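Residue numbers (the working numbering), protein chains in the order written: chain A, 7 to 388; chain B, 7 to 388; chain C, 892 to 1037; chain D, 892 to 1037.
One structure below.
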Amino acid sequence: MPDSDIVILGTGIHPFGRFDKTPEDLGVHAARQALGEAGLEWSDIQAAYLTRMYLPATSGARILRRLGSSDISIVDIEAACASGGAGLRQAVLAIRSGEVDTALVLGVEKMPRGFMDPSMIYADWQVRMGLSMNPAYWSMRARRHMHEFGTTEEQIARVAWKNHRNSVENPNAMYRKAFTMEQILASKPVCDPIRLLEICAPNDGAAAVVVTTARRARQLGGEPVAIEACAHTVARYSADFRCPADSMSATISNPGPTRVTSQKAYEQAGCGPDDIDCFEVQDTDAFCEIEICEQLGLCERGEGGPMAEEGHTEIGGRCPVNMSGGLISKGEPVGASHLGQVVEIVSQLRGRSGARQVEGARVGLAHVLGAGGNCAVTILAA
Amino acid sequence: MPDSDIVILGTGIHPFGRFDKTPEDLGVHAARQALGEAGLEWSDIQAAYLTRMYLPATSGARILRRLGSSDISIVDIEAACASGGAGLRQAVLAIRSGEVDTALVLGVEKMPRGFMDPSMIYADWQVRMGLSMNPAYWSMRARRHMHEFGTTEEQIARVAWKNHRNSVENPNAMYRKAFTMEQILASKPVCDPIRLLEICAPNDGAAAVVVTTARRARQLGGEPVAIEACAHTVARYSADFRCPADSMSATISNPGPTRVTSQKAYEQAGCGPDDIDCFEVQDTDAFCEIEICEQLGLCERGEGGPMAEEGHTEIGGRCPVNMSGGLISKGEPVGASHLGQVVEIVSQLRGRSGARQVEGARVGLAHVLGAGGNCAVTILAA
Amino acid sequence: MGDETAAGELLPVNEGLVTGIDNEPRDVQLLGSKCDRCGEVSLGANAVCLNCGSDRITGIRLAPEGELWTYTVIRHRPPGGYLGPDPFEPFAIGLVELPDGIRVMAPLAGDVDSFEIGCRLRLEPWILQSRDGPAYRAFRFAAVAG
Amino acid sequence: MGDETAAGELLPVNEGLVTGIDNEPRDVQLLGSKCDRCGEVSLGANAVCLNCGSDRITGIRLAPEGELWTYTVIRHRPPGGYLGPDPFEPFAIGLVELPDGIRVMAPLAGDVDSFEIGCRLRLEPWILQSRDGPAYRAFRFAAVAG
Ligand SMILES: [Zn+2]
Ligand SMILES: [Zn+2]
């Protein structure tokens, strides 16, 4: 690991789920665990980033002051579902600039129960006309993919089957129950063709990483994992019709945010999808994972369905995806979700993932994608 | 200007005030102006930061997509009243890291009318007991300062007199009316000893800067101003009792956030307060400017009152403060206010401030301070 | 529902999005914006082009007929102030590709099982009555007869 | 006001902040937390020390008497759910330094012009009756008689 490398030295996570706890409780739990794993004190941290979407202003300072007195910069970072990636990127850039040696990135979310208030992201007229259901947008993407490429409901269900099965071994997941293909295909459609057992739920959780230089990591000992790339982009015009879109161009076809962001990350890391041993990706719904696998370059366009069906994305397959169980089983505490993926990848690269371990994993990728076409991709290497 | 320097090449501002305009309108106005002044297109920007406190999630992407299609990273940054400084700092670090060459930092705010909903920052019990008035916290600081150092109500009023007078020449201020000392001292107390004409109001506004390297600025021409320092900190334990504090330590006396942050900035810039020709500081209330002058090192502790009274902080004085009229006359659109200060300092250092110009200004400092002890200090040099 | 709506109480569901004859609930057209620089068309009256950033924009009216590009069925009542039928009935929504070069998201009138990608659809008015407030001139698409 | 409050309806204004005898509105004490590691005292029952970050904390009761460190007068009705006198009366608030080593922010009972820094103050109960809900056991400080 060259001196110039930037590494993750410690990770922490508060299980994702629904808890009668404050954001402070969740955040302090994850932050302490990350500091402990790094063998550092809070006073060793020179800059901190709190990533969140639903928590109120100055959550970072409010949560982190519980670790004790400090007068560093603590900033809240928000980029919708990609908040964690955007925050991690700021930490990497701060360290690379030389001004900061060691930083903490903490993602915390405590989501409102049930359906989100649609007025937060949708215009009034969209709400009045019934166009304010997030899963509808995902489902329309699935329907189009089925039409263009022959993707089947069984292939989509197979993704949910895999992720639910993987979650059984993940103590940090909200749901840890395997379902049969029949159970998944018999679960109620939410927005056709996507079913209840194929979508993720918003929930609560926290995840944290301590980021530092390879040089400092060597001094400290421990098990550093290198950050080979950390990219964040917002989708180009009409390249994404995730909520709250009201239309899309029929004439201009820009590459989607996952393709653009992963290309940036591959360039930064000097590698391609074939060099990567395991993936955590944004399975807001089961179809979404299929499309993302294509856009990450794990297969050709339109081949995501067959790839899932043939088991290539299972643990033990050619390119394991969502070993943690994915958002479908973990739930999505928005500001914490990317850092939760990073925690999983770090665990995989350290060979500490027990029953869900990808054998010999040396390089891993984490991917999030959400409102406004916000996308982040992080590539890590042992 | 060494190649390694980071500079502001363009600035833009939408006047601060109350407008029947959307955040998109305000933000696009300021961003276009900054790009125009820098001689750049939106497509030249490689990373963008939107600083805000009250605007909703993903405001950055929503506002900036109006400049045209782009797939860069756009991130929302929040650090209470210091949001603009925190965002500018991220841009500086991103450029210094080498990954980004040119960035846009845009601060936009559209504040709720009248008193803010206190439940946003105060605990229920504080609201029930009447402890949820921001000016009360400022006033208690003033009262203590008067007790310890003999600061007078006239000295405090003198700050308001100066700032209102300065604002007459600033077309971007909300209030542009000079008041006599008698009028100020006769205005109603809001929380004794602070009066109505001595406090700032929340409002709407936007300000933007284009940040790039000295090397690129030379290629482009224009009037670059160097960013000598940009520091952000959150106050140490009990070093600040700004809202929403419920108590403070009587045993531990840490230096206040303005002192800590300005020391960091002076170190970065390799200069001290005596080397600085003009200042824009957080005059949330008129007393606050007095205390900040002391903590920035413009005078000894306790000498802020006499310094104001003797006219040293006026334009033409020994260290001019708030040439723009300060927040007292401009109002405080929280996420935009630090960048508004930076716009003023850049204008001063370019010698383009007309009737409010500080003659021969070569180095200037901008300072914000707010909830949770969030403080940012930026030092610029022509 | 049109009869319950006195003249002057029928508001566009959003300013700059739909137009129609004031007293004629059955009249509806979708407004659009065409960029003078790049030619890109967007939904509603917009001040800037989201493709190229230009503010030289010409207001247009979008074609009333197009093809279904994709769709889904909403099986549960949307949260918030949805003004469709009460009690709730599942309904389809889709992206309808218009010859103007835009795909517009809209509710689809008719049997939720009657749609397929590529089918021809035509704009129709959808009057939404709020509980205690105004009626809105909204829109949806329905299968072209024959 | 105490008489209007049946037993069981008098709630602490915040959990872990004040205590008192259930049926005795006149009984009030402030709760605090003392850090076992650095000795710093904070207001209310806290899980961690904001000075040193330790979670080894001992719950204490704060001294009822102290000195005024600074104060101000609230001249306008605070926004939101303020439960003080209606119609509004201006009142003072201040930071009261207690011998425990902490300055506590609190309303001050009495004439708004009667305070000066350094004056002796003593904790007293302040019962706040919400319009349709419970009464709260809150607190304020008042001048020590004599
Ligand atoms: Zn255009
Ligand atoms: Zn302690």
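By construction, the Cβ of each residue, glycine as well, lies at the ideal position given by its N, Cα and C atoms.
Just so we're clear, the structure is a prediction, and the values are computed from it rather than from any experiment.
Taking CB atoms only, S924/D has no neighbour in chain A less than 9 Å away. Residue A53/A holds the alpha-carbon nearest to the alpha-carbon of A109/A among R119/A, A92/A and A53/A.
By the Cβ criterion, the stretch 294 to 301 of chain A is not in contact with the stretch 177 to 192 of chain A, since fewer than three pairs of Cβ atoms, one from each stretch, lie closer than 8 Å. Using a Cβ-Cβ distance cut-off of 8 Å, the stretch 981 to 993 of chain C and the stretch 957 to 967 of chain C are in contact, since at least three pairs of beta carbons, one from each stretch, lie closer than that value.
Those residues placing their Cβ nearer than 6 Å to any heavy atom of ligand 1 are, following chain order, C926/C, R928/C, C929/C, E931/C, C940/C, N942/C, C943/C and S945/C. The criterion of a C-beta distance shorter than 9 Å is satisfied by I78/B and T239/A.
If you compare the alpha carbons of A1033/C, P1025/C and R994/C with that of R1013/C, the shortest gap goes to A1033/C. Chain B places a beta carbon closer than 9 Å to that of E931/D, counting this residue as a contact.
Scanning the stretch 945 to 977 of chain D from its first residue to its last, the whole beta strand (DSSP E) runs of 3-plus residues come out as 948 to 952 and 956 to 965. Interface with chain C (9 Å Cβ-Cβ cutoff): G74/B is included.
When the beta-carbon positions are compared, L61/B and L70/B stay at least 9 Å from each other.
Between S173/B and K27/B the beta-carbon gap is near 21 Å, outside 8 Å, which marks them as no contact. D913/D and W131/B have their alpha carbons spaced roughly 19 Å apart. In this structure, the straight-line span from the alpha carbon of G308/A to that of A983/C is close to 25 Å. For the options G33/A, G18/A, D50/A and S359/A, the alpha carbon positioned closest to that of E43/A is the one of G18/A. L15/A has a beta carbon lying at 9 Å or more from every beta carbon in chain B. A buried status is given to Q347/A, since no fewer than 16 other beta-carbon atoms sit within 10 Å of its beta-carbon. Residues of the stretch 34 to 59 of chain B with a C-beta atom less than 8 Å from some C-beta of chain C are V34 and W48, listed in chain order. Counting only residues of its own chain and dropping the five nearest sequence neighbours on each side, A67/B has a CB closer than 6 Å to the CB of I80. With contacts defined by Cβ atoms closer than 9 Å, R1031/D and V909/D do not form a contacting pair. Under a criterion of Cβ atoms nearer than 8 Å, no residue of chain C is adjacent to R68/B; the nearest Cβ is some 11 Å distant.
Contact of N942/C with chain B by beta-carbon distance below 7 Å involves G74 and S75. Contact of V266/B with chain A is assigned, a C-beta pair being separated by under 9 Å.
R68/B sits in a helix when the DSSP states are folded into three classes. Taking a Cβ-Cβ cut-off of 9 Å, the neighbours of P62/A in chain B comprise M126 and I127, given in sequence order. DSSP, read as helix, strand or coil, puts Q363/A in coil.
Listed as beta-bridge partners of V240/B by DSSP are N380/B. Taking CB atoms only, F247/A has a neighbour in chain C less than 9 Å away.
Here M187/B is exposed: its Cβ has fewer than 16 other Cβ atoms, across all protein chains shown, within 10 Å.
For T264/A, the three-state secondary structure derived from DSSP is helix.
DSSP places H20/B within a strand segment (E or B) once states are collapsed to three. Looking at the DSSP output, R1013/D bridges to E956/D and A1033/D. CA-CA distance, Q920/D to I385/B, rounds to 49 Å. Annotation for L191/A: the continuous alpha helix (DSSP H) segment containing it runs M187 to A192. Using beta-carbon distances, A251/A counts as an interface residue toward chain C, with a partner under 9 Å.
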